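Asker: One structure is given below, represented as structure tokens, and several questions about it will come after.
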Amino acid sequence: MSDKPIYVTEPFLPPLEEFIPYLEQIWESKRLTNNGPMHQQLEEALCEYLGVPEIALFNNGTTALLTALKALRITGEVITTPFTFVATAHALTWNGITPVFVDIDVHTLNLDPKKIEAAITPRTTAILPVHCYGNPCDVDAIQEIADKYNLKVIYDAAHAFGVQDEGGSILRHGDLSAVSFHATKVFNTFEGGAIICADKKTKRHINDLKNFGIVNETTIVATGINGKMSEINSAFGLLQLHHIDEVILRRQVTDQLYRDGLKNTKGIRPIEFSKKNKTNYSYFPILVEDEYPLTRDKIYNLLLENNIYARRYFYPLLTDHPMYRNHTSTGSSACYFPIAAEATQKIICLPIHDQLDSDALKEILEILNGSKQ
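Just so you know, the sequence shown maps onto residues 1 to 373 in this note's numbering.
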């Protein structure tokens with residue numbers, strides 16, 4: 001058993017001395033928020049790094065998602081996935097929108113485009129897919145449906161920082177994408193998030209909404225909120241960008257070691273990511289199939305007994321929570337979302353981060369491969 005806890009993730013923190021000069025600049029300027037110089041520099045740097053036209057920074061990813069829905073004036077019903085973090089559905093509900101859940105693809109665990117059209121009603125105004133674990137959705141199929149029915153598409157891209165498909169950043173798809181910079185993410189600003197959009201006019205509208213709708217000292221044009229990112233968070237993001245490629249590379253090494261170590265383990269199925277895409281290795285999710293001698297929960301508890309904190313991510317299914325149970329007429333998620341209901345009972349995310357050492361990885365693999373069961 002490891003003496004030190006092994007967590008499912010740990011935030012990357014660069015050397016503290018590298019952060020001090022940024023703080024000194026903030027102290028000298030006395031600009032702590034309200035679109036200060038660090039904020040502006042980070043937006044420019046992220047547009048260049050990610051290869052996106054416009055980005056609006058936020059204090060967290062949930063506020064970004066809330067604002068994205070407001071910016072596009074989404075109402076009525078929105079089709080989304082039940083296999084996601086609660087913030088996805090909460091953002092809809094907080095905006096007075098009804099989430100309509102649709103089952104997921106058995107391989108990617110993303111929203112299944114083949115199930116979307118049957119869920120569209122006259123009240124449907126948008127689709128809110130999630131790039132689950134940073135694994136890109138079938139963006140072409142989703143956009144084809146959206147165009148056919150004149151629907152907006154907003155991507156919950158919380159996990160998808162730096163992910164690319166053959167055409168570039170996955171964040172360029174849809175009408176808007178909302179990303180998270182939370183401490184648990186590959187790229188973090190302590191807390192933070194952003195909306196990616198296609199043009200300056202849309203960004204100006206988003207900027208108005210995240211600053212109470214204020215345009216100038218005497219003019220308010222919208223019922224906005226306070227979603228601004230602070231200068232300290234922005235400065236930390238600028239520093240993180242100097243290290244992010246190295247961080248992702250180290251996570252890639254861990255990902256491959258897991259895959260090599262589990263390739264002959266019957267009943268353990270790592271989620272596959274397309275080799276055509278550039279991924280960020282934000283999670284290492286596996287499905288515990290029936291052939292494996294232990295259930296998912298027994299593995300989870302066995303890891304805990306050895307001071308290893310994996311995560312059943314996402315469990316339980318959104319539609320098993322009290323506030324969303326009424327979205328299935330029988331109250332049974334398995335009847336309506338059989339693939340998602342099965343996945344939530346089998347999924348477990350193993351520890352992966354840039355500081356995970358070889359001894360910790362070896363111990364995890366020994367447990368999964370039976371030598372420590």
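Don't be surprised by glycine CBs; every beta carbon is placed ideally from N, CA and C. Note that the structure is a prediction, hence the values are computed from the model and not measured.
1. What does DSSP give as the partner residue(s) for S153 in the beta ladder?
2. In this structure, how does DSSP classify V78 when only helix, strand and coil are distinguished?
3. Taking Cβ positions, are F58 and G193 nearer each other than 8 Å?
4. Roughly how many angstroms separate the alpha carbons of N226 and V106, rounded to a whole number?
5. Whole angstroms is fine: what's the gap from H173's alpha carbon to K278's?
6. Please work out which residues of its chain come closer than 6 Å, Cβ to Cβ, to V139, disregarding the five sequence neighbours upstream and downstream, and give them in chain order.
7. Going by DSSP in three states, Q345 sits in which element: helix, strand or coil?
8. Check whether the stretch 80-97 touches the stretch 161-170, counting contact only when three or more Cβ pairs, one atom from each stretch, lie closer than 8 Å.
9. Measure the beta-carbon distance from R269 to L287 and round it to whole angstroms, keeping in mind my assumption that it falls under 8 Å.
10. Threshold first: 4 residues or longer. Then list the alpha helix (DSSP H) segments lying entirely within the stretch 223-280, N to C.
11. Here's the rule I'm using: 16 or more other beta-carbon atoms within 10 Å means buried, otherwise exposed. How should I401 be labelled?
12. Near A310, which residues of its chain fall below 7 Å by C-beta distance, leaving aside the five closest residues on each side in sequence?
13. Let me confirm a value: N233 is counted as buried when at least 16 other C-beta atoms fall within 10 Å, else exposed. Which label applies?
14. Can you tell which of G237, N150, I248 has its C-alpha closest to the C-alpha of Q40?
15. Using the three-state DSSP reduction, which class does Y22 fall into: helix, strand or coil?
16. Tell me which residues share the same chain as C132 and place their Cβ nearer than 6 Å to its Cβ, disregarding the 5 neighbours each side in the sequence.
17. Classify A178: buried if its beta carbon has 16 or more other beta carbons within 10 angstroms, exposed otherwise.
18. Of all the options L361, S230, V253, D290, which has the alpha carbon lying nearest to the alpha carbon of P37?
19. On the criterion of 16 or more Cβ atoms from any shown chain inside 10 Å, does V215 qualify as buried, or is it exposed?
20. For G96, which residues of its own chain have a beta-carbon under 8 Å away from its beta-carbon, when the five flanking residues on both sides are left out?
Answerer: Reading it off the structure:
1. Translated into positions along the sequence shown, residue 153 becomes position 153. It is Val, not Ser, that sits at residue 153 in the sequence shown. Paired residue(s): I127.
2. Numbered from 1 along the sequence shown, position 78 holds the residue referred to as residue 78. Here V78 sits in strand by DSSP.
3. If you number the sequence shown from 1, residue 58 lands on position 58. If you number the sequence shown from 1, residue 193 lands on position 193. Going by C-beta atoms, F58 is nearer than 8 Å to G193.
4. For the purposes of this step, residue 226 is identified with residue 226 of the sequence shown, where counting begins at 1. For the purposes of this step, residue 106 is identified with residue 106 of the sequence shown, where counting begins at 1. About 39 Å.
5. Within the sequence shown, residue 173 is the residue found at index 173, counting from 1. Within the sequence shown, residue 278 is the residue found at index 278, counting from 1. Going from the Cα of H173 to the Cα of K278 covers about 15 Å.
6. Within the sequence shown, numbered from 1, the residue matching residue 139 stands at position 139. Within the same chain, V139 has close Cβ partners H173.
7. As a first step, residue 345 is located in the sequence shown; it is residue number 345 there, counting from the start. Residue state, collapsed to three classes: helix.
8. At 8 Å Cβ cutoff, the stretches do not touch.
9. In the sequence shown, the residue the question calls residue 269 occupies position 269. In the sequence shown, the residue the question calls residue 287 occupies position 287. Here R269 really is in contact with L287; their C-beta atoms are around 4 Å apart, less than 8 Å.
10. 231-241, 244-262
11. Because the chain here runs from 1 to 373, residue 401 falls outside it and cannot be looked at.
12. Residue 310 sits at position 310 when you count from the first residue of the sequence shown. Around A310: V8, Y300, L303, I348, C349, L350, P351.
13. The residue you call residue 233 lines up with position 233 of the sequence shown. N233 should be labelled buried.
14. Along the sequence shown, one-based indexing puts residue 40 at 40. The shortest Cα separation from Q40 among G237, N150, I248 belongs to G237.
15. Here residue 22 refers to the residue found at position 22 when the sequence shown is read from its first residue. If DSSP states are grouped into helix, strand and coil, Y22 belongs with the helices.
16. In the sequence shown, the residue the question calls residue 132 occupies position 132. Excluding its 5 nearest sequence neighbours in each direction, C132 has C-beta neighbours in its own chain below 6 Å: L109, N110, listed in chain order.
17. Within the sequence shown, residue 178 is the residue found at index 178, counting from 1. A178 is buried by the Cβ-count criterion.
18. Against the sequence shown, residue 37 aligns to sequence position 37. Nearest of L361, S230, V253, D290 to P37, Cα basis: S230.
19. Looking up residue 215 in the sequence shown gives position 215. Answer is exposed; the Cβ neighbour count stays below 16.
20. Residue mapping note: residue 96 aligns to position 96 of the sequence shown, counting from 1. Counting only Cβ-Cβ distances below 8 Å, and skipping sequence neighbours, we find T75.
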